Amino acid sequence: MHLYVKHATLINNCYPEKEGEKGPRSSELSYLVFYASSRPVKLTKVGLFLEKKAERDIAKGRKQNNQVTLEIIKALIEACHRDLNLFSKYIVKIIDMVLETKDIEIIDLACQVFVIFTNYHDGSTLGVDAELTKDYELLLKKFATFCSFENSDETLKLQTRYIGQRALQAAVTSSALQASDFKVQLDLILSPLINALSNSKNPANALAQSNNEDIDINQSAIGHETLNAHAVEIIAAKTTALLFSKANGVAVKLSLGPLFTFMDTNEKWWPASFAVSMMELALDSLQPQYRYLLVSEILQQLEAVKTATNADKYKIEKHASLVSILDTILNANIPLVGISVLEVLNSLFTDLIKSVQDFKTFRDKKPSSSNDLRATLEYAIQQGLAHSIGGLASQTYYLNQLNDITGYIISKLRVGNNALETIDGLPIKEYRNVVLKCLDLVTTASSAKELQKDDTESNNENTPVYNHAVTLDAWIPALGLLTEKTSETRVGFAVTLVHYLEATSENEIAIEPYPKHTLNQHGDVMLVNALHQAILDWIQLPNIDVHDVDTIHRVLTALTRKFGADETIKAVPLVFKIQELVKQTVIQHTARQRAVAAIVVEWLFMVGEFYRIDSLVQYADALKSERIRLNEYSPVFLNTSTENNTDKLENLEPNNTTPVDKFADRKLVIQMLSKDGPLRDEDDTEGTDLEAKLMVEWGSDDYVNQDRTYRIRTSRNLNDLKAKLATPWTNAEITRNEPGKKQTIRVENLKEALIGQTQQPQNDANGLQSLTNACLTKRPNEIVSDMSSLLQSLSLGTDVSNTTSLVNPPYK
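Just so you know, the sequence shown maps onto residues 274 to 1085 in our numbering.
Have a look at this one:
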């Protein structure tokens, strides 16, 4: 009598009787699957029997039986996946035992079974069944070791690593990943992935984004013709991306832990290419609401290395790598929703100043020699931090963010504290140089963002828009730097301001017959007025040099290109006031007089070219030529063949003491601007109003009151941002007359309209109320039969001049 029960008999019948036959017997396997699916309670016994049989077959080296066992398991998983938890622990044990056979065909088939198993396994029993949890984690660990398998046989090594990466990706895509202890599985899975990507010659983020349709984890390693090391790396990168995409707030920190540990253990921080590519992969993969956590984690790592001594090369390398990561994240043009902008800004700026203190210098230029590792690391840290600060301005998260960032940096300039020799342990000149570098990067990034936004808004002008650019009045507190005692500080700030004005100006300004008024915001007018006054004070400083003179001309030019006609009209009194300073010898020394007077001529030439006023261009060119002939023109604005290495104006022409005698004729210049230039308003046909504005003396009451003639607005599209009251009748649909349909007039409506018309001259204020009340009054239900009595009841008044009436209609 046969001792086996039915499920055992069905299982044994699936195995081939003859040696060499591949796969289970199909008819018997179908019978077994039907039996198991129709009687799910038997699945536990089926799984236990298969486990015992696999154990015996592995011990006796029966490869054929092991293959059949895996095929049976695969069929049962697909047919009975709803009841998978009844026999899932036996599947895990069988796969684990089969991996010990060291046979690549058996291992490959076991991997296929595991891929199918993870596709259906929801992980609900993990953490509940301690034995299953332990076995599952051990199985993952075995697959993880395959990812770094080494062998002299390159084909075997490649196939084994491919199998390991397939299994890890299957585990990541499974619901069981987050159903149990996420950290344990994360540590088992992520480390081999990081190790595989670290050995790749391609960036991890590029591998994750590659579109390779030939790579499919369901494809067997045996007979895989296109299998290569690159394909294995792509699977590792895509698995890592999937892992980060499933991470929530807490899991983000857990996911980064193995990466930081790997970098520390293997000293992979520098060069920073691998660390940066891994963080770019994480940034691209994380859910948008968790991306900002990357910045927080990197800042915490930076805090840990701030105690690094200058002699500790490894910690400086880690510092440089972390800064490179921050630079990449903050400038990646990917929103970091939830980031605390000002806290990050303060942390970056503090770290930047500390790096200058530690390294004893601010490296603004890349070291010429790549062999100087220390200098390269210092440059990467300092420029990376500065560029990261600029990156904060590339994304806008709240309305006044850019003004807050700019205000924070400007406050660090300590404007007005001229008595200070040092700030935060640094010479004030060097300290301000660092701050101005940050300010330049912030304003440049914000203006670039604003220009991109303007391009997209031009197609939809009716959409309410908030101005996210740095407003010009935010610069006013810093204008005091233009009269600082140090030329480098004056010029450095002015160049930063010029960069911003140029970046926010229109690229191509079409010259129209009538001017376009762009100086129409209160903050802009305040800045222009303050800047003009600062330029006048700047130009009278006793220590201005070549760079000062050139930069003053650049500022005036940038203002003209930014605000057009409005700035030109306001600048004419300023420019001729500068000329008066030379005439009255308020500007001392002939070399300085020639340089300052040259600013006036160069400005006239620029204005003539900007507005295409040929007469003004010719006049400025003739005046310049005449001064050159008389040795009255400064070499600052001359393209001399020899380079002048001196900064002092007095040393440019030490033997030339000729004062300026040829000055620009203000009346003639104003006549050219008003008659030949496009500066007149449309209603100023003769140009008299324009001439009056241009003839105003600098600092006079008329000049001060000139701002009142401008139309000032506080913000753009303000009406679109206001709340509106909607009246019911304004939104009512107007019924259009259908062609061919006869229109009728109700007598009651006509009566009410005529009564309202006669009462309107008598009581115009209550017209709408009377009409509304008449419309709301209850109409009689009876039908008026006598039309003549109705007409007699209408009192049309004696003031109706029109001969048309109800009795005498206009048609006959």
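Using N, Cα and C, we set each Cβ at its ideal position, and we do this for glycine too. Here the structure is a predicted model, which means the values were calculated and not measured.
N-terminal and C-terminal residue of the alpha helix (DSSP H) that residue i is part of
| i | result |
| --- | --- |
| Asn468 | Phe455 to Ser471 |
| Tyr681 | Gln674 to Lys685 |
| Lys751 | First, the amino acid is wrong: residue 751 is Ala here, not Lys. Note, Ala751: premise wrong, no alpha helix (DSSP H); not H, not E. |
| Ile943 | Arg939 to Asp949 |
| Met551 | Ser546 to Ser558 |
| His772 | Ser760 to Ala776 |
| Gln438 | Glu427 to Thr446 |
| Gly320 | Leu316 to Lys333 |
| Asp369 | Ser361 to Val371 |
| Lys591 | Lys586 to Leu603 |
| Gly571 | In the sequence as displayed, the identity of residue 571 is Ile instead of Gly. Unbroken alpha helix (DSSP H) run through Ile571: Tyr565 to Val578. |
Test: residue i CB closer than 8 Å to a CB of chain D
| i | result |
| --- | --- |
| Lys935 | Protein chain content of the structure displayed is limited to a single chain, and chain D is not contained in it. |
Close Cβ partners of residue i (< 6 Å) along its chain, the five nearest in sequence each way excluded
| i | result |
| --- | --- |
| Lys291 | none |
| Lys362 | Leu405 |
| Ala449 | His394, Gly396 and Leu399 |
| Ala481 | Ala510, Lys511, Ala514 and Leu554 |
| Ala440 | Cys384, Phe387 and Phe416 |
| Thr433 | Phe419 and Phe422 |
| Ile683 | Pro750 and Ala751 |
| Asn485 | Ile507 |
| Leu1049 | Any answer about Leu1049 is weak, because its pLDDT of 44 lies below 50 and its placement is not dependable; what the coordinates show is given next. None. |
| Asp797 | Leu745 |
8 Å CB neighbourhood of residue i in its chain, flanking five on each side removed
| i | result |
| --- | --- |
| Leu283 | Glu301, Tyr304, Leu305 and Tyr308 |
| Lys541 | Ser471, Phe535, Phe547 and Ala548 |
| Ile886 | Val880, Met945, Leu946, Asp949 and Gly950 |
| Ala653 | Ala545, Ala593, Val596 and Ser597 |
| Glu344 | Gly296, Pro297, Leu302 and Leu382 |
| Lys414 | Leu461 |
| Leu615 | Asp677, Ile678 and Tyr681 |
As assigned by DSSP and simplified to three states, the class of residue i
| i | result |
| --- | --- |
| Gln492 | coil |
| Gln794 | strand |
| Arg885 | coil |
| Ala520 | coil |
| Glu853 | helix |
| Asn912 | coil |
| Phe419 | helix |
| Thr282 | helix |
| Gln861 | coil |
| Gly663 | helix |
| Ile346 | helix |
| Asp818 | coil |
| Pro1053 | Annotation note: pLDDT 45 at Pro1053 (below 50); position unreliable, no value reported. |
| Met968 | coil |
| Phe936 | coil |
| Asn424 | coil |
| Leu925 | coil |
| Cys711 | helix |
| Gln668 | coil |
| Thr649 | helix |
Beta-bridge pairing of residue i - partner residues as DSSP gives them
| i | result |
| --- | --- |
| Thr695 | Pro700 |
| Asp402 | Leu399 |
7 Å Cβ shell around residue i - same chain, five flanking residues per side excluded
| i | result |
| --- | --- |
| Gly611 | Gln562 and Tyr565 |
| Thr759 | Lys702 |
| Ser421 | Pro465 and Asn468 |
| Thr791 | Phe836, Gly837 and Asp839 |
| Ala965 | none |
| Leu357 | Ile350, Tyr393 and His394 |
8 Å Cβ cutoff met for residue i and residue j
| i | j | result |
| --- | --- | --- |
| Leu372 | Val445 | no |
| Glu590 | Phe635 | no |
| Val629 | Val707 | yes |
| Val505 | Gln438 | yes |
| Val568 | Leu599 | yes |
| Val890 | Thr824 | no |
| Ala260 | Leu699 | One cannot answer for residue 260 here, as it falls past the ends of the chain, which runs 274 to 1085. |
| Asp240 | Asp962 | Here the chain covers residues 274 to 1085 and nothing more, so residue 240 does not appear. |
| Leu832 | Val801 | yes |
| Arg827 | Val771 | yes |
| Leu527 | Phe622 | no |
| Asp369 | Leu431 | no |
Any non-hydrogen atom of the ligand GTP within 7 Å of residue i CB
| i | result |
| --- | --- |
| Val880 | As for the ligand GTP, it is missing from this structure, which has no ligand bound. |
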